[in-house]
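Undergrad:
Numbering (this note's numbering), first residue to last: 241 to 501.
(1) When burial is assigned at 16 or more other CB atoms within 10 Å of the CB, is residue 488 buried or exposed?
(2) On the DSSP bridge list, what partners appear for residue 399?
(3) Tell me where the alpha helix (DSSP H) around residue 285 begins and ends.
(4) Could you tell me the boundaries of the beta strand (DSSP E) in which residue 477 lies?
(5) So, helix, strand or coil for residue 386, using DSSP?
(6) Where does residue 421 land, buried or exposed, given buried means 16+ other C-beta within 10 angstroms?
(7) Is the number of C-beta pairs between the region 373-391 and the region 296-303 that are closer than 8 Å three or more?
(8) In three-state terms, what does DSSP make of residue 324?
(9) How far does the beta strand (DSSP E) with residue 260 in it extend, from its first residue to its last?
(10) Since residue 438 sits in a beta bridge, which residues does DSSP pair it with?
(11) Put residue 347 into one of helix, strand or coil per three-state DSSP.
(12) Spell out a yes or no on whether the region 442-453 and the region 465-485 are touching, meaning 3 or more CB-CB pairs, one atom from each, closer than 8 Å.
(13) Count the other CB atoms within 10 Å of the CB of residue 494; is the residue buried (16 or more) or exposed (fewer)?
(14) Under the three-state reduction of DSSP, which class applies to residue 472: helix, strand or coil?
Written out as structure tokens, the structure is:
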């Protein structure tokens, strides 16, 4: 059973934005989906997770960052900090039990940041599942890789339209996204989540190389980390066999005592 879609309003006056969310009740820890850059809560992996929750009576919560999907705001106005704020608002206002955070690509970075912010609270995550986690991507996978001409456009014009392999339309990479993202970089030191982490990573991923995921694993020195490398997997990991691995990963980090409730 899926509850009626909800909306959370953040900010005030002209800066206010509306964050759309969907929650379905069930047993065990609430599984919270954190989508990727320019993705939404109706995409393949998010929908598959919700359908699994319905079949197995598991609680699942999905939402769209501002500028994504059903939420308000413009995509080009978004930053990592703003999207982290969106995620924390949904978790703290909708979720009732310590969640399992499932983050895809950018959502993996947001999940790691959220886990750090929620540490020591009643909603500290009980597990993380990270799919091609793109931690620090605005710096290491974007800015550091951009040619000088692209950097000049971003600095002087405020944005660069990047061609997309997933859409006929290019999308803006803004100066604000790059510069604000530097406030949230985590791979320069140790990363602590306080819970088990399961990483799913395709070895044929052109957007988040598998070596990037291994760098994150090195930083997660104090956590129990499992890595599943999918040799022929791409960035999306949305094939039926990939979706099966996603569900297996979620079940692997779920506290068994809570599943009996």
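Backbone N, C-alpha and C define an ideal beta-carbon position, used for all residues, glycine too.
TA: Straight from the coordinates:
(1) Indexing the chain shown from 1 puts residue 488 at position 248. Residue burial is scored here from C-beta neighbours: residue 488 has fewer than 16 other C-beta atoms within 10 angstroms and is therefore classed as exposed.
(2) Numbered from 1 along the chain shown, position 159 holds the residue referred to as residue 399. According to DSSP, which records beta bridges pairwise, residue 399 is partnered with 414.
(3) Walking along the chain shown from the start, residue 285 turns up at place 45. It spans 284-296 - the alpha helix (DSSP H) in which residue 285 sits, taken as one unbroken run.
(4) Mapped onto the chain shown, residue 477 falls at position 237. Unbroken run through residue 477: none, as it is neither H nor E.
(5) Position 146 of the chain shown, counted from the start, is the residue given in the question as residue 386. In the structure shown, residue 386 sits in coil (DSSP, three-state: anything other than H, G, I, E or B).
(6) Taking the first residue of the chain shown as 1, we reach residue 421 at position 181. Classification of residue 421: buried, given that the 10 Å Cβ count is 16 or more.
(7) Touching, no.
(8) For the purposes of this step, residue 324 is taken as the residue at position 84 of the chain shown. Reduced to three states, the DSSP call for residue 324 is helix.
(9) Reading the chain shown from its first residue, position 20 is the one you call residue 260. Note, residue 260: beta strand (DSSP E), 257-264.
(10) Mapped onto the chain shown, residue 438 falls at position 198. Within the DSSP bridge table, the entry for residue 438 names 369 and 466 as partners.
(11) In the chain shown, counting from the first residue as 1, residue 347 sits at position 107. The answer is helix: DSSP assigns residue 347 an H, G or I state.
(12) They touch, by the three-pair rule.
(13) Working through the chain shown from its first residue, we reach residue 494 at position 254. With 16 or more Cβ atoms within 10 Å of its Cβ, residue 494 is classed as buried.
(14) To locate residue 472, count along the chain shown from 1; it is residue 232. In the three-state reduction of the DSSP assignment, residue 472 falls in the coil class, being assigned neither a helical nor a strand state.
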